[in-house]
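Trainee: Protein chains in written order, with my numbering: chain L, 1 to 146; chain F, 1001 to 1254. Backbone N, C-alpha and C fix where the C-beta goes; we use that ideal spot for every residue, glycine too.
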């Protein structure tokens, strides 16, 4: 499959997952576009642990920005947008190795999967903390609050 | 001026709704504080946990009123969080009284008719698209589409029967794997890896993990730890379901 089909699938998946989570309609498109952006960064960085972190950071920042602009809660955008990065394939491979009795490979894959998840969670947290610290200073001038 | 009980009801209901529908604990606490500010309550102390909520309102010098709210079920409904947030913002800005807010919040809490067909379709499309994203071809797309639809079809009644979420996580993992393995018998040349990993993507506790980290980093250690434990357990149950089915299949189920 060529890269553009993968990215298209990523966007469709993020959008339909948003429907599954009862996301408000007006926010679904944003989630989908942001997820494509994040996933292309992830692919460009060769799917390393750092790629998980940087791609999630990009997604987090975009979603926080969108939340401020549309005056919505950032969680609405992040939940749908981040899901393509979650390492489901790593989890499956870990389980496969466990079942086959290849424990050293299972531990190796499992650790990489865990690091990926930690990277995602850290990035989302950092983007939200950074944004709220930075935005609060400007909010008084604009009279907006989020 | 609203009666104090109405105020208390409205505030409790708002934060309870946020906790029940997948909101962060700090958001529940912030909502209470913001609403109380808008309603002119001089002092408020609130502690929100994933499983409950305690708050004390200080009315005058030596007059306080407290309430504990238990949160029994937790699921994800972002639309409700959005609506709650909208109401709390209006209350904070003084555009809504406590009684109006209470009515609006009761409207949100009322169980909605789930469009079941839409959810099943969304689940099928999600699973199938993730399969393609993870390197599957059109055959894998088809198999995964069925997996996603059937898993959602089974999960909804399980939720209604009040099966604990951890158990349904395991059932979902096992069911996905079984369906994918059956798919390899029906259709030739199915690569099972993208099918299973694509189909379990919607079942992974992505929101819970990020919420857990966020709570921990903000200093809500109890909520963060509790949520992290929940997320890890739910991944392990999912993995156990997959592993169980894989080993049963390898061990002669075929």
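#1: Report buried or exposed for residue 1205 (chain F), applying the criterion of at least 16 other Cβ atoms within 10 angstroms of its Cβ.
#2: Roughly how many angstroms separate the alpha carbons of residue 1110 (chain F) and residue 1076 (chain F), rounded to a whole number?
#3: Go through its chain and collect everything with a Cβ distance to residue 1009 (chain F)'s Cβ below 6 Å, but skip five positions before and after it.
#4: What would DSSP say about residue 21 (chain L), mapped onto helix, strand or coil?
#5: Decide if residue 143 (chain L) is buried, meaning its Cβ has at least 16 other Cβ atoms within 10 Å, or exposed.
#6: Between residue 1144 (chain F) and the rest of its own chain, which residues show a CB-CB distance below 6 Å, the 5 nearest in sequence each way excluded?
#7: Nearest-angstrom Cα distance between residue 74 (chain L) and residue 1233 (chain F)?
#8: Specify, as a first and last residue, the run of the alpha helix (DSSP H) that residue 1034 (chain F) falls within.
#9: Using Cβ-Cβ distances below 7 Å, what residues of the stretch 1199-1216 of chain F are close to chain L?
#10: Indicate whether residue 1031 (chain F) and residue 1014 (chain F) have their beta-carbon atoms separated by less than 8 Å.
#11: Could you confirm whether any beta carbon from chain L is found closer than 8 Å to the beta carbon of residue 1119 (chain F)?
#12: Is residue 127 (chain L) close to chain F, meaning its C-beta is less than 8 Å from at least one C-beta of that chain?
#13: Show which residues of chain F have a CB atom less than 7 Å away from the CB atom of residue 52 (chain L).
#14: Provide the residue span of the alpha helix (DSSP H) that contains residue 75 (chain L), from first to last.
#15: Please report whether the beta-carbon of residue 98 (chain L) lies at a distance below 8 Å from any beta-carbon of chain F.
#16: Going along chain L, which residues have a C-beta under 9 Å from residue 1039 (chain F)?
#17: Step through the CB atoms of chain F and report whether any lies within less than 8 Å of the CB of residue 33 (chain L).
Mentor: Short version:
#1: Burial call: buried.
#2: The straight-line gap separating the alpha-carbon atoms of residue 1110 (chain F) and residue 1076 (chain F) is approximately 15 Å.
#3: Answer for residue 1009 (chain F): 1102, listed in chain order.
#4: The three-state reading of DSSP puts residue 21 (chain L) in coil, since its state is none of H, G, I, E or B.
#5: In this predicted model, residue 143 (chain L) has a pLDDT of only 44, less than 50, meaning its place in the structure is not dependable; the value taken from the coordinates is given anyway. Looking at its Cβ environment, which holds fewer than 16 other Cβ atoms inside 10 Å, residue 143 (chain L) is exposed.
#6: Cβ within range, chain order: 1127, 1128, 1131, 1195, 1198, 1199.
#7: Taking the CA atoms as reference points, residue 74 (chain L) sits about 26 Å from residue 1233 (chain F).
#8: That run of the alpha helix (DSSP H) goes 1025-1039.
#9: Against chain L - using a Cβ distance shorter than 7 Å - the residues of the stretch 1199-1216 of chain F are 1200, 1201, 1202, 1204, 1206, 1207, 1209, 1210, 1213, 1214.
#10: Yes, these two residues count as a Cβ contact at 8 Å.
#11: So, interface residue.
#12: For residue 127 (chain L), the answer is no, since every Cβ of chain F falls outside 8 Å of its Cβ.
#13: Near residue 52 (chain L) there are no residues of chain F at all, since even the closest Cβ is about 12 Å away, more than 7 Å.
#14: Note, residue 75 (chain L): alpha helix (DSSP H), 74-82.
#15: Judged by the 8 Å Cβ criterion, residue 98 (chain L) is in contact with chain F.
#16: Think of a sphere of 9 Å around the beta carbon of residue 1039 (chain F): no beta carbon from chain L falls inside it, the nearest being about 17 Å out.
#17: Chain F, which has no Cβ nearer than 8 Å to the Cβ of residue 33 (chain L), makes this no.
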